[in-house]
Structures are given as C-alpha cells and as structure tokens.
Amino acid sequence: MSKVDPRSQTLVIDDSRRIRFTKEDVFRVFGIPCSGRSVFCNGIPSKEVISKVMSCYLGTDVREHQSIKAAQEVIERDYGQTMSVEEQNSFKAAFVIYVMSTLLSPGAKYDYASIDYWNALVEPSDIGKYDWGDYVIRRLFDAVVKVKSDMNGTVKCPALPDALYFYR
106 MSKVDPRSQT
116 LVIDDSRRIR
126 FTKEDVFRVF
136 GIPCSGRSVF
146 CNGIPSKEVI
156 SKVMSCYLGT
166 DVREHQSIKA
176 AQEVIERDYG
186 QTMSVEEQNS
196 FKAAFVIYVM
206 STLLSPGAKY
216 DYASIDYWNA
226 LVEPSDIGKY
236 DWGDYVIRRL
246 FDAVVKVKSD
256 MNGTVKCPAL
266 PDALYFYR
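Converting from the sequence shown to this note's numbering requires adding 105 to each position, the first position being numbered 1.
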C-alpha cells in the first residue's frame, strides 16, 4: 500500500513509472459492473433497508447477525433442485455481502459486514445495474489513505515499555 498514490490512483513503480488503475480494471479482473447507478447514490441505508436485508435476505432480525457468517450460511444452504424467487433473492443479496466483505472490500472488523452498500441490495434483480467497480476502487483508496495515515503516525498507540509500566 505504501507504493499506492490515492490522489492519482496510481501504483508508483519509480519516479518515472506509474501504473494507473480504475474501476474498469476492477471490471477486467473481477467481471463486476463498472457502469450504472452509483452504489453511493442513496447515502447511508435507513433502518428499514437494514432491517429488510437482514430479515428478508439473511433470515435474521438480530443486529449481531449482520455478520459475514449469516451471509455465508445463506450461500451454503441446500436449496434442493430449484430455488424459489425468494430464495434466489436471498442468495443474490447474501452473495454480494459475502464477496464484498471477504474479497472486494473487506472491513476492519472480523466477521462484520459493512452496510454502506445495502441500498443497492434492496431489489436483488437490480444488483447488476449498479456501478460496483466504482464502489470497490473508492473503498480501496479509502483503505490506502487509512493505512498511510496509520503508518505516518497519525494513529498513536503507547510504546510497549510505557504499557508495561502502567501494567505494574
């Protein structure tokens, strides 16, 4: 991450060589849509949206089940020969949550799914109409900025000897 310049969206090889990467590159590598409605266009999901995704698609109303494991359980469920429309919708939403949380845009909290894209899951048949490439690339550069600020010391933590002193 130290070689990534989030302002220019490039990987810095040396002073004269940079490789730019964009949402189209995310499409080329992962095959996810890089055009359409913005995943961010509706802002933070409302409580109603969160409740709908959790109850209708993940099969739970409990906040602590806003986990990657809940999505994984839906994906791994035995659906028999054919899936109902409701089962298909649950699978689609759970699959997006699982893939975003484990591969494309993992968060800092273990087994906890970010909800910032859940507005795009309300209607599972519309999932492919969203610009997921833009979402992934923006989250990648957000993570780069965070890692760089942590590396530059803007996030402070006590030195180990100081911590041991207070422990005594």
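Where is the CB? At the ideal position from N, CA and C, for every residue including glycine.
* Can you give the Cα-Cα distance for K214 and R123, rounded to whole angstroms? -> Here residue 214 refers to the residue found at position 109 of the sequence shown. Here residue 123 refers to the residue found at position 18 of the sequence shown. Going by the C-alpha atoms only, they are around 32 Å apart.
* Distance, L226 Cα to D255 Cα -> In the sequence shown, the residue the question calls residue 255 occupies position 150. In the sequence shown, the residue the question calls residue 226 occupies position 121. Distance between the alpha carbons of D255 and L226: 32 Å.
* **Cα-Cα separation, L163 to D120** => What you label residue 163 is simply residue 58 of the sequence shown in a count that begins at 1. What you label residue 120 is simply residue 15 of the sequence shown in a count that begins at 1. Approximately 48 Å between the Cα atoms of the pair.
* **Identity of the residues DSSP links to I124 by a beta bridge** => Residue numbering aside, residue 124 sits at position 19 when the sequence shown is read from its first letter. Answer is L116.
* To do: Could you round the C-beta distance between F200 and M188 to whole angstroms and report it? I think they count as a contact, below 8 Å.
  => The residue labelled residue 200 in the question sits at position 95 within the sequence shown. The residue labelled residue 188 in the question sits at position 83 within the sequence shown. Their Cβ separation, rounded to whole angstroms, is 12 Å, which puts F200 and M188 out of contact at 8 Å.
* Who are R298's beta bridge partners in DSSP? -> In the structure as shown, the chain starts at 106 and stops at 273, and residue 298 therefore has no counterpart that could be examined.
* G258 to Y240 span [Cα, whole Å] -> Counting from one through the sequence shown, the residue named residue 258 turns up at place 153. Counting from one through the sequence shown, the residue named residue 240 turns up at place 135. Answer to the nearest angstrom: the Cα atoms are 27 Å apart.
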